[in-house]
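To start, the structure itself, in structure tokens.
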Amino acid sequence: MFEEANRLRAERGDDAVADLSLGNPYNEPPAAFFEHLKRESELRTGLRHRYMTNSGYPDVRARMAQHLAGRTGLPYTQEHVCMTGGAAGALNVVLRVLLEPGDEVVLVSPSFVEYPFYIENFGGVPCVVPCRADFIPDADRIADACTANTRAVILNAPNNPTGRIYPERFWQDLGRALAGRSAAMSRPIYLLFDDPYYHIYYTENAPPEPSRFYDQTIYISSFSKDLGLAGERIGYLAIHPDAAAREDLQRAMPFALRALGQVSAPATMQRAAAALVDEPRDAVRAFYRKRRDRVEEALQAIGLDTPPLEGGFYAFPKSPEADDMVFCRRMLDEGLIVVPGSAFAAPGRFRMSYSVDMEVLERGLEILKRSV
Ligand SMILES: Cc1ncc(COP(=O)(O)O)c(C=O)c1O
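Going by numbering that gives the first Met the number 0, 108 is the number at position 109 of the sequence shown; the sequence numbering is gapless.
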């Protein structure tokens, strides 16, 4: 997509193109991030940039644990946490630990396009279960898709690409269903809850916490989106305090970081994450809310049905042409870059990101309006 956008811009000029294809954060990191870096840059002693224990600095992990304990009421400690190179790094570490070749991992459609690649990195087999028509998954259908070979289910909400937040009721049902299925198979099915958009929500309350409803949850998050630090590669994973084989998992995660050549999460960014983990996120929510409201209004005016824009920074409207690939190709000719739903195993839709400049967003909406 980066290449396609660059090609179009070179051909037609910046003003003729609206690239709404990427999930690249458009928010600058908060002032506290730069203040933190300034203070860091003044410290010239203390060997602060060497290798550290693979799972990350103990005090940084303790801060992540404290943050999660505050949100969930669960007794997370630094032992449960491993710092990683973003959520993508964390997912690969966890899958490296859990999977043997041939093991299955259940995904829902639509979901993040990279999951199948991560699973296949370790010889795993993705099993895709479609969401309901409202883009909320069905807990029983997920449980039904779990076989004796299933090691994990990966879910993400606020969701990329749909913008939906899954309700607490769904997580309760899923927890019950997966506990039943794990018991029937005599081994745990882990829930990998991928949560990089947690702080970017437009609902009255923060999104529900799945780990409250299922002990076998491995929580994964990052500072890529909410703090605008995607290029700095900082995130973490946290094993549920009551997870089966928790101590083995705790030992295995830092080993997987080594085996994958990640070694550890970047030192300076770990300290920045600890300094910022509890920083208020009102400004980032307001930043995206302005864009979200504009997209909602424009899609309504154009008459394109879209799931409720509850969180993250994507909309997933119905494609005006039955074939979403044909529609997205036509939009490309018009200068608008959006992603076909087929890329997310959800044909008949397209994803547009509103993590862009307002001017680019307006240009994109204008192209959409005149082409539909
Ligand atoms: C659902 C989802 N998970 C994980 C990632 C990867 O995030 P990170 O930059 O923290 O690796 C993304 C990035 O777009 C995403 O949308």
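Glycine included, C-beta positions come from ideal geometry on N, C-alpha and C. Treat the numbers as computed from the prediction; the structure is a model and nothing was measured.
{"Query": "Cβ of Asp315 within 8 Å of Cβ of Arg348?", "Result": "Per the sequence presented here, residue 315 reads as Phe, with Asp not at that position. Against a cut-off of 8 Å, the Cβ pair of Arg348 and Phe315 comes out as a contact."}
{"Query": "From Met184 to Thr146, what does the alpha carbon distance come to, in whole angstroms?", "Result": "8 Å"}
{"Query": "In chain order, what residues of the same chain have a beta carbon less than 8 Å from the beta carbon of Arg290, not counting five sequence neighbours either side?", "Result": "Phe312, Tyr353, Ser354, Val355, Met357 and Leu360"}
{"Query": "Apply the 10 Å Cβ neighbour rule to Phe326 and answer buried if 16 or more other Cβ atoms are within range, or exposed otherwise.", "Result": "buried"}
{"Query": "Rounded to whole angstroms, what is the Cα-Cα separation between Glu278 and Glu320?", "Result": "43 Å"}
{"Query": "Please name the residue in Ala345, Asp18, Arg8 and Leu367 whose C-alpha comes closest to that of Pro109.", "Result": "Ala345"}
{"Query": "Determine the closest residue to Val128 out of Ile118, Val152, Tyr117 and Glu119, with distance taken between C-alpha atoms.", "Result": "Val152"}
{"Query": "Going by DSSP in three states, Ile217 sits in which element: helix, strand or coil?", "Result": "strand"}
{"Query": "Quick one: Cα of Leu228 to Cα of Ser341, how far?", "Result": "28 Å"}
{"Query": "Does the segment 227-241 come within contact of the segment 259-278, defined as at least 3 CB pairs closer than 8 Å?", "Result": "yes"}
{"Query": "Given this structure, state the Cα-to-Cα distance separating Leu36 from Pro125, to the nearest angstrom.", "Result": "40 Å"}
{"Query": "Take Ile363 and list the residues in its own chain whose beta-carbon comes closer than 6 Å to its own, dropping the five residues that flank it on each side.", "Result": "Note that residue 363 is Gly in the sequence shown, not Ile. Correct list, in chain order: Ala17, Leu19 and Leu335."}
{"Query": "May I ask you to check if the CB of Asn26 is nearer than 7 Å to at least one heavy atom of ligand 1?", "Result": "no"}
{"Query": "Using DSSP with H/G/I as helix, E/B as strand and the rest coil, what is Tyr25?", "Result": "coil"}
{"Query": "Using a Cβ-based criterion (distance less than 7 Å to any ligand heavy atom), does Pro148 qualify as near ligand 1?", "Result": "Going by the sequence as given, residue 148 is Asn instead of Pro. Every heavy atom of ligand 1 is 7 Å or more from the Cβ of Asn148, so no."}
{"Query": "Please state the DSSP three-state secondary structure of Phe192.", "Result": "strand"}
{"Query": "Just curious, the alpha helix (DSSP H) that Cys327 is in, first and last residue?", "Result": "Asp323 to Glu333"}
{"Query": "Could you tell me the distance, in whole angstroms, from the CA atom of Asp58 to the CA atom of Leu256?", "Result": "19 Å"}
{"Query": "Among Val96, Pro240 and Ala132, which one has its Cα closest to the Cα of Asp304?", "Result": "Ala132"}
{"Query": "Just checking Gly69 against ligand 1 - is the residue's beta carbon closer than 7 Å to any of the ligand's heavy atoms?", "Result": "no"}
{"Query": "Which runs of the alpha helix (DSSP H) at least 4 residues long sit entirely within the segment 6-84? Give them in chain order.", "Result": "30-40 and 57-71"}
{"Query": "Buried or exposed for Leu46, please, with buried defined as at least 16 other CB atoms from any protein chain shown within 10 angstroms of its CB.", "Result": "exposed"}
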